[in-house]
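So the structure is just underneath, and the comments pick up after that.
Protein chains in written order, with this note's numbering: chain W, 34 to 487; chain Z, 34 to 487.
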């Protein structure tokens, strides 16, 4: 009998997160103030984040304890299973062994609650009554709604208007968990009203929604803001994925040669890979691959530069691979990968050649998703499907070379709320997008007056 | 640390299904031919079902081996977790311990693949190339699509037209797994064409879809028909749920005093409860509760009688609790519970007072679903929410009586494809339905010329 799921008992769940800052050969460079362009200190961030999270953001401690109240909620779905995709291996005819960490088991259906629960907890500890955030397709918004609900914190989600109207089911999910969801641009903030005055029919953007959520938090005493990716502490909360995977590999006496994750802001990729990068940094021969869409090729084509974290220029300036803050990604269905920048930690590791990057087109990504669904059953989210495409490429390469590789990828979320994308695929309405060279010129224009990172 | 999930290793997954026919004090009474009204034999069923399933249908063997090829697919998601709902207990303030078996972990999101995979396997073994079925909201159709895909069998799903148009995502799911889905009534069968000739705008019904699927199978040599509930062998395939649960309770040294499941055709209820009914029949003091909607109160208000399994009178006549084959259930959102009849085995056990039945209104059921989501995180399907409502009632009764009961319920499926129902609930568009007494008179009229069961 071949084992399909490698499970961990709850008592074996890791009790600490892994902070890669302790091991990076070159640290993440300073975050700068959006106006002064000088390095920011904890106090600059205090209006937006609770102090414990700010301290985690700048910590160099390798291990940070996971409070028991967070663990208790993690246990509703964690440890998540490590799955052996034997049927997928067979259909590819590869000698490679393919494993995936299945993060779709969380109530919100993705890895996002790993940090949402932690963030809600630290806010609660500091007496925060209300948290604001933005959401595009809704995966992050629903994770934060779930988390706030557990800690009895009010949650206000600014949801990009086009998604609010087109994806009512993620919205309903957030409401079920008690969040209040408003279409952005809204008339509830200055930023929103300004946009609406210019264009009453604006369908919104993630950049606008961020501005609304940040303004709301900054102008209400009892309110903080929460971000679902990019920041160091967010990535760190996700490392429970890779830490569990290591224990699971130990159980079956295996270890990955290749670790793969899709990247938008970088959090699920960091979650699965950072604990393995520890081994790579300490001499182990592992390849770590970040997979992005050709429509938003931040690592593969964007320069490493200081740029705004948001589109409007209100958020801090961070050193990262970026397509420029004015970049509007084409409307691919992997909404979670449509971000102009990349987590500074992921960007630095890429710069230091500790990780590789690959970019794939939308159609080949959906081909991969359907092949996977038809062999393993589970329907991947379009974001996850990018990782699967890379797995196919690497598994076929192993076949060609006749070598038995062990591949691990992060199955960041299921596609139950993305079926309209599958619909579009089957009815041949999906197209590929390649970024014209002019977009790279525009990106360089965006960053030309910024300080230069090392 | 309180344990949340009680897991089983794959090697501990039961290797046999439990056939309650071996232990029922009174057996299920004979199935009759829809035209001759005489008992049917295996040969009468052979055009529709493979012989192995027909033999299972009439078997009295207590244990039936699960072939390794079926187990291998079960292992993609089974054993499913047994979860302790501690947070839910706390919010109810009950001394009762509440456990649930989480069947939403299957790729199709419900318990349905437990039988779909078995049925596809036995069809494959007998050389069947193509399987037809009907589906309403799509839960059964997607489970069978998934199963046929694994065994490389063509799958044709007749989907009630109103759902086909209103629930495109379940349809996309079936297509992703390679099934062909057609809106019923269709122009592809005589039955469909007949209905369309009378009413080109017919929005369809489960009864019509069954007729189309049955006709398609009966008129194609390489094609069989598959049903997702009601029949003995279908219920038996689901007993893996309860058998796993028993092993999981053993692991934590507990055993349920009350076992609860929602009932439409009866399969998920049978799956969780039959293995525990074995203990009850052999003297153990357990209550077993079947929960139905007040809008379709088959057990609580329908007579026990011989009636057609379908709405049109083409399907075999079975002895069961029924609201009459002409009954059209009100449009409640728990589509899987909108069936005029009840599995003969469940009906006989109810007649023999081995199980109880409760009926609840739609609004209190959604209240229960939201309370559950906000404490345990997972969003239940509207069908599952009926079981949850009963759990609340029983847990509060235990609180009142001050006794510590152990309650087990079957979490038959998640609600990711039912968010429009939650939407309707939050926007106050849901209503309750009570069956007027005239409907019971109509039911009695439906069955008045039928033979009488003992």
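For every residue, glycine included, the Cβ atom is placed at its ideal position computed from N, Cα and C.
Start and end residues, alpha helix (DSSP H) containing residue i
i, result
"residue 181 of chain W", "172-183"
"residue 146 of chain Z", "146-158"
"residue 419 of chain Z", "415-434"
"residue 106 of chain W", "101-107"
"residue 321 of chain Z", "Taken as a continuous stretch (DSSP letters only), residue 321 of chain Z belongs to no alpha helix (DSSP H), being part of the beta strand (DSSP E) at 320-326."
"residue 384 of chain W", "377-384"
"residue 126 of chain Z", "Residue 126 of chain Z -> no alpha helix (DSSP H), and no H or E assigned at all."
"residue 131 of chain W", "Not the alpha helix (DSSP H): residue 131 of chain W falls in the beta strand (DSSP E), residues 130-135."
Beta carbon proximity, residue i to chain Z, threshold 8 Å
i, result
"residue 459 of chain W", "yes"
"residue 47 of chain W", "no"
"residue 98 of chain W", "no"
"residue 415 of chain W", "no"
"residue 40 of chain W", "yes"
"residue 375 of chain W", "no"
"residue 474 of chain W", "no"
"residue 412 of chain W", "yes"
"residue 43 of chain W", "yes"
Contact with chain W by residue i, beta-carbon distance below 8 Å
i, result
"residue 424 of chain Z", "no"
"residue 36 of chain Z", "yes"
"residue 201 of chain Z", "yes"
"residue 449 of chain Z", "yes"
"residue 456 of chain Z", "yes"
"residue 182 of chain Z", "yes"
"residue 179 of chain Z", "yes"
"residue 324 of chain Z", "no"
Span of the beta strand (DSSP E) around residue i
i, result
"residue 305 of chain Z", "No beta strand (DSSP E) contains residue 305 of chain Z, which is instead part of the alpha helix (DSSP H) from 300-314."
"residue 217 of chain Z", "213-217"
"residue 442 of chain W", "439-444"
"residue 37 of chain Z", "Unbroken run through residue 37 of chain Z: none, as it is neither H nor E."
"residue 352 of chain Z", "350-354"
"residue 163 of chain Z", "163-168"
Among the options, nearest to residue i - alpha-carbon criterion
i, options, result
"residue 130 of chain Z", "Z:295, Z:55 and Z:432", "Z:432"
"residue 454 of chain Z", "Z:412, Z:477, Z:37 and Z:292", "Z:412"
"residue 476 of chain Z", "Z:461, Z:400 and Z:338", "Z:338"
"residue 334 of chain W", "W:315, W:360 and W:318", "W:360"
"residue 114 of chain W", "W:102, W:128, W:93 and W:138", "W:138"
"residue 219 of chain W", "W:381, W:235 and W:264", "W:235"
"residue 11 of chain Z", "Z:398, Z:319 and Z:144", "Residue coverage of chain Z in this structure runs from 34 to 487, which leaves residue 11 of chain Z outside it and unanswerable."
"residue 35 of chain W", "Z:102, Z:75, Z:58 and Z:84", "Z:102"
"residue 122 of chain W", "W:377, W:261, W:429 and W:482", "W:429"
"residue 279 of chain Z", "Z:256, Z:305 and Z:264", "Z:305"
"residue 384 of chain W", "W:323, W:393, W:117 and W:74", "W:323"
"residue 251 of chain W", "W:202, W:166 and W:53", "W:166"
"residue 159 of chain Z", "Z:390, Z:387, Z:80 and Z:326", "Z:80"
"residue 213 of chain Z", "Z:321, Z:179 and Z:286", "Z:179"
Contacts of residue i in chain Z (Cβ-Cβ under 8 Å)
i, result
"residue 133 of chain W", "By Cβ distance, chain Z contributes nothing, its closest Cβ being about 12 Å from residue 133 of chain W, past 8 Å."
"residue 403 of chain W", "209"
Contact set between residue i and chain Z, taken where Cβ atoms lie within less than 9 Å
i, result
"residue 409 of chain W", "109 and 140"
"residue 452 of chain W", "201, 202, 203, 204, 205, 206, 209 and 450"
Neighbour list for residue i in chain W, Cβ cutoff strictly below 9 Å
i, result
"residue 357 of chain Z", "The contacting residues do not exist; residue 357 of chain Z stays about 35 Å from chain W at best."
Interface residues of chain W facing residue i [CB-CB closer than 7 Å]
i, result
"residue 210 of chain Z", "406 and 407"
Interface partners of residue i on chain W, CB under 8 Å
i, result
"residue 207 of chain Z", "By Cβ distance, chain W contributes nothing, its closest Cβ being about 10 Å from residue 207 of chain Z, past 8 Å."
Minimum Cβ-Cβ distance from residue i to chain C less than 8 Å
i, result
"residue 192 of chain Z", "The chain labelled as chain C is not found among the protein chains of the depicted structure, namely W and Z."
Proximity test, residue i beta-carbon vs the ligand ZN heavy atom, cut-off 7 Å
i, result
"residue 237 of chain Z", "Ligands are entirely absent from the displayed structure, and the ligand ZN is therefore not among its contents."
Report task. Decide if the segment 62-80 of chain W is in contact with the segment 304-313 of chain W; the criterion is three or more beta carbon pairs, one per stretch, under 8 Å apart. Result -> no
Query raised in the report: Looking at C-beta atoms only, is the number of pairs between the segment 459-468 of chain W and the segment 390-409 of chain W that lie closer than 8 Å three or more?
Result: yes
Report task. Indicate whether the contact test is met: 3 or more Cβ pairs, each with one atom in the segment 94-103 of chain Z and one in the segment 48-64 of chain Z, closer than 8 Å. Result -> yes
Query raised in the report: Taking one C-beta from the segment 289-298 of chain W and one from the segment 345-365 of chain W each time, how about it: are there three or more such pairs within less than 8 Å?
Result: no
Requested in this report: Count the CB pairs spanning the segment 341-348 of chain W and the segment 173-184 of chain W that are closer than 8 Å, and state whether there are at least three.
Outcome: no
Query raised in the report: Do the segment 224-231 of chain Z and the segment 201-210 of chain Z make contact, defined as three or more Cβ pairs closer than 8 Å?
Result: no
Requested in this report: Would you check if the segment 319-333 of chain Z and the segment 236-248 of chain Z touch, i.e. whether three or more CB-CB distances between them fall below 8 Å?
Outcome: no
Query raised in the report: Looking at C-beta atoms only, is the number of pairs between the segment 269-288 of chain Z and the segment 133-150 of chain Z that lie closer than 8 Å three or more?
Result: yes
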